[in-house]
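K.L.:
I'd like to ask you about the structure that follows.
There are 4 protein chains.
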Amino acid sequence: MKLAFASDYQEGAHPKIIEKLVETNDLKTTGYGSDPYTIKASELIKRACGNDDLDVYLLVGGTQTNKVVIDSLLRPYEGVISPDSGHINVHEAGAIENGGHKVLTIKNEKGKISSQDIKDYCRAFYADQNASHMVKPGMVYLSQPTEFGTLYHKDELMAIREVCDEYDLALYIDGARLAYALACDENDVSLKELACISDAFYIGGTKCGALFGEALVTKKDLIPHLFTLIKQHGALLAKGRILGVQFSAFFEDGLYLDIARSAVVYADKIRDALKEKGYKIVYEDPTNQIFIEVTDQKMHELEKDISFSFWEKSDEDHTVIRIVTSWSTTQAEVDDLIALL
Amino acid sequence: MKLAFASDYQEGAHPKIIEKLVETNDLKTTGYGSDPYTIKASELIKRACGNDDLDVYLLVGGTQTNKVVIDSLLRPYEGVISPDSGHINVHEAGAIENGGHKVLTIKNEKGKISSQDIKDYCRAFYADQNASHMVKPGMVYLSQPTEFGTLYHKDELMAIREVCDEYDLALYIDGARLAYALACDENDVSLKELACISDAFYIGGTKCGALFGEALVTKKDLIPHLFTLIKQHGALLAKGRILGVQFSAFFEDGLYLDIARSAVVYADKIRDALKEKGYKIVYEDPTNQIFIEVTDQKMHELEKDISFSFWEKSDEDHTVIRIVTSWSTTQAEVDDLIALL
Amino acid sequence: MKLAFASDYQEGAHPKIIEKLVETNDLKTTGYGSDPYTIKASELIKRACGNDDLDVYLLVGGTQTNKVVIDSLLRPYEGVISPDSGHINVHEAGAIENGGHKVLTIKNEKGKISSQDIKDYCRAFYADQNASHMVKPGMVYLSQPTEFGTLYHKDELMAIREVCDEYDLALYIDGARLAYALACDENDVSLKELACISDAFYIGGTKCGALFGEALVTKKDLIPHLFTLIKQHGALLAKGRILGVQFSAFFEDGLYLDIARSAVVYADKIRDALKEKGYKIVYEDPTNQIFIEVTDQKMHELEKDISFSFWEKSDEDHTVIRIVTSWSTTQAEVDDLIALL
Amino acid sequence: MKLAFASDYQEGAHPKIIEKLVETNDLKTTGYGSDPYTIKASELIKRACGNDDLDVYLLVGGTQTNKVVIDSLLRPYEGVISPDSGHINVHEAGAIENGGHKVLTIKNEKGKISSQDIKDYCRAFYADQNASHMVKPGMVYLSQPTEFGTLYHKDELMAIREVCDEYDLALYIDGARLAYALACDENDVSLKELACISDAFYIGGTKCGALFGEALVTKKDLIPHLFTLIKQHGALLAKGRILGVQFSAFFEDGLYLDIARSAVVYADKIRDALKEKGYKIVYEDPTNQIFIEVTDQKMHELEKDISFSFWEKSDEDHTVIRIVTSWSTTQAEVDDLIALL
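Protein chains in written order, with the working numbering: chain A, 480 to 820; chain B, 480 to 820; chain C, 480 to 820; chain D, 480 to 820.
See the structure below:
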């Protein structure tokens, strides 16, 4: 069998989570998130965010969460500012436009956009005499870590927050891989700070050890009737308790904050080995994704023993591939991988 | 603790299913339904449907499945014919309209509409000189069992199929509680027949013993690019294997066909007891839902010991309540319930 | 040539309007409704409505106006209450659903619904324990006159307004044929009262003597960014002045209030003649539309000399047809029609 | 009064058109485009396009036409390729996204994109292993002339057509200012060729001398139920004959092909004068739009006597402004303008 480095969603769930699901399986609860596990998860998450004036909603997947939030936050005449590399702009099959909204792109720099970029965009919009014929920027979408594994630093996010306040933009942060940011030495943005700086963000479960699930955290009462909007999107889980059980497990002993530590350490190790062996690392990032450019011939050799993911063709003969570690990656797998590279 | 008869989605999953999830938890697979479990589930379901010219897609929930199918099957100028009591018309928070389509309602008779009703609707539409200013009927939505637990018989469905062919309508059947139909003596429509008569239908998991999940079965190539459409709806599960594992468990030893048998037997028993005690049964149905009208005073008495669900106010002083058995209901619970009524 | 009684939009424009269009044709103005004619029309309409705290927008057609207003007023989780006979529910090809919203129908009585109907609907909604899974009523749509030519009386509208306030519903009135209501003796609702009672309504031009055009009147600032929303709907006329010129002509000498007087008088005359000749009048109404049921044989006879419109099949052998007078109908045409009936 | 060079939609209609509207004003016709004028216009346009296998629909405005066509041609999983400068991408307030579709942008070169650009886009899409998670290109949107007044040459369009065939893309051309292209010496694409090369295009009326109106021309039966789709968009004119009369006037004596000749000649004259006076012409184009960059101080001077339009800020102190000639521009106005520059 090949060494599995293609993604961070290749297994079921972290042992502790699967154990809790088994343990609670026979208990009978009410549905749609009104059960005690969901309520407990919500309380634990608010506590971890150090703030009671928050609302927590548990959803099934990332694209689903992005679509629900953006559809619900924007008014019909508004669009969402996003890095051109943002997941919502590239890999969600037009989910945002399907909801009626334009993604207003800004060229990314290693997956990120800056407060200055956003300011320039808004200034140009409001200075344009045809602005009323154009899509008004209504919110900003970022991800932490970004699509390329890079991180926003606290001062960067605070500067973005300031621009958002100036131009009346909601700030929403996609945390599909948030555990990998939180576990990373380079990171200086805590969960509390994320909750404080953003209007809404989500704590990714699917890629961070849950069977599935994402915890959306918003400022209290940010989105009226969000429960109904979730239902309308086909995103309401009947047995909401399954999400509640998982996120309770993540947050009752701080599991979520630790779970990705080894993944990040191993990723660093692999990066070091790659550099040593002369590979070209394309986006230098500190989390669990590693992007290297290889010749197509090399790619075909590697794929005999290793499963990784295609990222993009860089030219006729070269491809960028992605190697990903996860909470479940072992030292032995890393050693084997390095030996094979 | 109260006796739990409020719904058929109060527990986790059937023991066999949870066991399979545990068993496969550590295995690494590719994502988005390309894994061996999903492929196996798809094969098993096609075999159970007695037909290879089918496509199977595994989704997370019922409203999600309805929304994806209807959005994808209809053209923008078309609407979906539904009983006025249909789930899509009443309890999906406007999910179908959110996708741009009108629900064209026909008054239900115990949750059902007839081939003649549909024929009359279409005849009137095509006879109307203003038809081109109106929403064209493009498909028919039914559920088996219906919202009221009643069943379509084979000859009824075949007559509806004929009308659908006459008026170029796709026929889609919502099987959220399909196991309860299949387990019912009164039922004369097999899985094979459903697959043959309909253009698309779904085999409900959530209410029939899965942790969650619905298996959509369509005529082969009915909906081009359905994978992308599922993604666009935020309905694509990254770890698709979790659905694959569950539906493999349902169909490898015929579990799905048996799982609801006790629920149906117990429901009959409860109905008999209710009649004997002089309760008014509102919709006489042969599956696992029991609808009775009680005074509000009686309702408040009952709810001290029993959890059931509110159905609708019938007048100032009376309410229709719903008692539901499930695959997990035990003889002891039924006895206790009868004693309390 | 046949006698033309099929609709009230069979000619170009009223002579005064076409004259003003010719007179202003060569003048150069800015576009998109920023021109002096549109500004003047807006001022004149506000004056006619006796209220400065209004916004006026000039649009091209009725379905367009309904769609823009309803899309813009409702939030995604809301629907619009309408008589089942309402134009938005029957003859707009699903325009409202295309915008994502459900039309919540109430059975009409001669085209109308009552304050009690709306109250009952809302009470049932808020009493329903599943309300958060359902479409929330967000506004009420009525037309004055209705689809069947009937009128709401002032006390009826005021009672509806009260229910709207109680349940936080916006009240929107479609005035496609408003001139025919205003010209009618039975009518007791003035333009000022309409502007006062409703949150938004439109003054129909197309069917009342304009070349085309409808004047939307809303409470001041009711819909933020409505200009952009109109553009987004493809409903913004580049040469907005053409609408401005027409509505200025309608309102500078009170033309609009008079224009339909003869149509209403002639309609009464025709109704009297029909009754005398033993025709069955289906909806007794006081404005310019006359609905009679005839045998299909009679219908085919009549259509040799008269153009009228098909309304609906009432049974295998009978059809309801509609005879319509307009601002342009002449005494001679009416006499000829009566002679032919 | 200022010299009016801000746009080509500053007046009412060309004298011949207004005359025809007056002449036909009293005639009674059926509605919604079933009248003899619309039928005649349609026949004349098909003749001018040299092809009977076409369908013609008359609509009111450009954004409306773009929205109706794109919404109707694309399937939900598809998007439309457009130059980033395309009207649909910049100045239609998100109308395309409001219809659920992504605009897939390609960087423009003077308003144009090349067949190679489109080929590269499609190749990259189909080579991407994540393509099924992305928006599939379904059609190409171009304008002739472009937003910057430039023209596609016949060989360029034919090469684009070839790529469209290769990648199964519909080709749609926005002809809002088509008369200015047809009247231009540099142009080598006739109406017949446009009709042949594209799947659909529209012949702009609003900016080319009509009171308003655009004639959409499609391959026969390209869009099923387009009439209903137009209605659903609120884009169906009740008195369709007003469009029919205008387009008949345009095409019965070849008026449309001549109407913009003087505008193009005058624009050349103005460009020559500007160059002589040392102005910086930003996009060199051969039609009726002239783009110059001036200091903001110069702009403020010019706007005392001339009305032109703002195009974009080029930097802190400079602005690109647009001077536009139209079918109604006179030699005297041009002389006055040149004297003032």
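For each residue, glycine too, the CB sits at the ideal point set by N, CA and C.
Exposed or buried, residue 819 of chain C, counting other C-beta atoms within 10 Å across all chains shown (16 or more means buried)?
P.N.:
Classification of residue 819 of chain C: exposed, given that the 10 Å Cβ count is below 16.
K.L.:
Quick check: what's the CA-CA separation for residue 493 of chain A versus residue 596 of chain B?
P.N.:
Spanning the two alpha carbons is a distance of roughly 53 Å.
K.L.:
Starting from residue 618 of chain D and walking both ways along the beta strand (DSSP E), at which residues does that stretch end?
P.N.:
It spans 615-622 - the beta strand (DSSP E) in which residue 618 of chain D sits, taken as one unbroken run.
K.L.:
Below 9 Å between beta carbons: does that hold for residue 460 of chain C and residue 680 of chain C?
P.N.:
A query on residue 460 of chain C cannot be resolved here, the shown segment of chain C reaching from 480 to 820 and no further.
K.L.:
Can you find the residues in the same chain that come closer than 6 Å, C-beta to C-beta, to residue 644 of chain A, ignoring five residues on each side of it along the sequence?
P.N.:
If we look at residue 644 of chain A and ignore the five residues flanking it on each side, it has no Cβ neighbours.
K.L.:
Show which residues of chain B have a CB atom less than 7 Å away from the CB atom of residue 684 of chain A.
P.N.:
In chain order: nothing, as chain B lies at least about 10 Å away.
K.L.:
With the cut-off set at 9 Å, would you say residue 593 of chain C and residue 638 of chain C are in Cβ contact?
P.N.:
Yes; because the gap between Cβ atoms is below 9 Å, this pair is in contact.
K.L.:
For residue 683 of chain B, report the span of its alpha helix (DSSP H) as first-last.
P.N.:
Residue 683 of chain B -> not in any alpha helix (DSSP H); beta strand (DSSP E) instead, spanning 679-683.
K.L.:
Give a yes or no on whether 9 Å exceeds the smallest Cβ distance from residue 603 of chain C to chain B.
P.N.:
With 9 Å as the cut-off, residue 603 of chain C counts as an interface residue toward chain B.
K.L.:
Any idea which residues DSSP pairs residue 649 of chain D with across the strands?
P.N.:
Answer by DSSP bridge pairing, in chain order: D/618.
K.L.:
Assign residue 703 of chain A to buried or exposed, taking buried as 16 or more other Cβ atoms, counted over all protein chains shown, within 10 Å of its Cβ.
P.N.:
Residue 703 of chain A should be labelled exposed.
K.L.:
Go ahead and pull the three-state DSSP assignment for residue 536 of chain C.
P.N.:
Strand.
K.L.:
Return the residue from the list D/729, D/804, D/480, D/744 that minimises the CA-CA distance to residue 665 of chain D.
P.N.:
Checking every option, the nearest Cα to that of residue 665 of chain D belongs to D/744.
K.L.:
In this structure, does DSSP put residue 698 of chain C in helix, strand or coil?
P.N.:
Reduced to three states, the DSSP call for residue 698 of chain C is strand.
K.L.:
Is the beta carbon of residue 722 of chain A sitting closer than 9 Å to the one on residue 694 of chain A?
P.N.:
A contact, by the Cβ cut-off of 9 Å.
K.L.:
For residue 748 of chain A, which residues in the same chain have their Cβ closer than 7 Å to its Cβ, ignoring the five residues on either side in sequence?
P.N.:
So the list reads 813, once near-sequence residues are dropped.
K.L.:
Mind checking if residue 652 of chain D is an interface residue toward chain A, Cβ cutoff 9 Å exclusive?
P.N.:
No - not a single Cβ of chain A is within 9 Å of the one on residue 652 of chain D.
K.L.:
Can you list, in chain order, the residues of its chain whose CB lies under 6 Å from that of residue 736 of chain A, leaving out five sequence neighbours each side?
P.N.:
Excluding positions up to five away in sequence, the list reads 661.
K.L.:
Using the Cα positions of residue 654 of chain D and residue 716 of chain C, report the straight-line distance between them to the nearest angstrom.
P.N.:
Cα to Cα, residue 654 of chain D sits roughly 17 Å from residue 716 of chain C.
K.L.:
For the candidate residues C/759, C/690, C/726, C/698, whose alpha-carbon lies nearest to that of residue 682 of chain C?
P.N.:
Comparing Cα positions, the closest option is C/726.
K.L.:
Can you tell me the Cβ-Cβ gap for residue 604 of chain B and residue 618 of chain B, rounded? I've got them flagged as a contact below 8 Å.
P.N.:
Contact doesn't hold; Cβ gap of about 14 Å is too wide.
K.L.:
Report the option in B/606, B/762, B/689 whose CA atom is closest to the CA atom of residue 590 of chain B.
P.N.:
Ranking the options by Cα distance to residue 590 of chain B, first place goes to B/762.
K.L.:
Do residue 671 of chain A and residue 529 of chain A have their C-beta atoms within less than 9 Å of each other?
P.N.:
In contact: residue 671 of chain A and residue 529 of chain A (Cβ atoms closer than 9 Å).
K.L.:
Taking DSSP as the reference, what is the three-state secondary structure of residue 584 of chain C?
P.N.:
In the structure shown, residue 584 of chain C sits in a strand (DSSP, three-state: E or B).
K.L.:
Could you tell me which whole beta strand (DSSP E) segments of length 3 or greater appear in the segment 540-612 of chain C?
P.N.:
List check, beta strand (DSSP E) in window: 557-562, 582-585.
K.L.:
Please give me, in chain order, every unbroken run of the alpha helix (DSSP H) with length at least 4 that falls completely inside the segment 508-534 of chain B.
P.N.:
Segments of the alpha helix (DSSP H) lying fully in the segment 508-534 of chain B: 515-527.
K.L.:
Using a Cβ cut-off of 8 Å, pull out every chain C residue sitting near residue 494 of chain A, in sequence order please.
P.N.:
Within chain C, no residue comes near residue 494 of chain A; the closest Cβ sits about 35 Å away, beyond 8 Å.
K.L.:
Output the distance between the C-alpha atoms of residue 684 of chain D and residue 714 of chain D, rounded to the nearest integer angstrom.
P.N.:
Straight-line Cα distance between these residues: approximately 16 Å.
K.L.:
Is the beta carbon of residue 677 of chain B closer than 9 Å to that of residue 636 of chain B?
P.N.:
Against a cut-off of 9 Å, the Cβ pair of residue 677 of chain B and residue 636 of chain B comes out as a contact.
K.L.:
DSSP state of residue 768 of chain D, grouped into three classes?
P.N.:
Of the three classes helix, strand and coil, the one that applies to residue 768 of chain D here is strand, per DSSP.
K.L.:
In the DSSP assignment, the alpha helix (DSSP H) including residue 803 of chain A goes from what residue to what residue?
P.N.:
First-last for residue 803 of chain A: 797-803, but that is the beta strand (DSSP E), not the alpha helix (DSSP H).
K.L.:
Looking at the structure shown, is residue 774 of chain D part of a helix, part of a strand, or coil, going by DSSP?
P.N.:
Residue state, collapsed to three classes: strand.
K.L.:
Let me check understanding here. Comparing Cα to Cα, which of C/753, C/746, C/607 lies closest to residue 807 of chain C?
P.N.:
Of the candidates C/753, C/746, C/607, the one whose C-alpha sits nearest the C-alpha of residue 807 of chain C is C/746.
K.L.:
Using the C-alpha atoms, what's the distance from residue 719 of chain C back to residue 520 of chain C?
P.N.:
Those two C-alpha atoms are separated by around 11 Å.
K.L.:
Sort out for me which residues DSSP pairs residue 747 of chain A with in a bridge.
P.N.:
Beta-bridge pairing links residue 747 of chain A to no other residue.
K.L.:
Check whether the segment 791-807 of chain B and the segment 783-795 of chain C touch, using three or more Cβ-Cβ pairs below 8 Å as the test.
P.N.:
The segment 791-807 of chain B vs the segment 783-795 of chain C: no contact.
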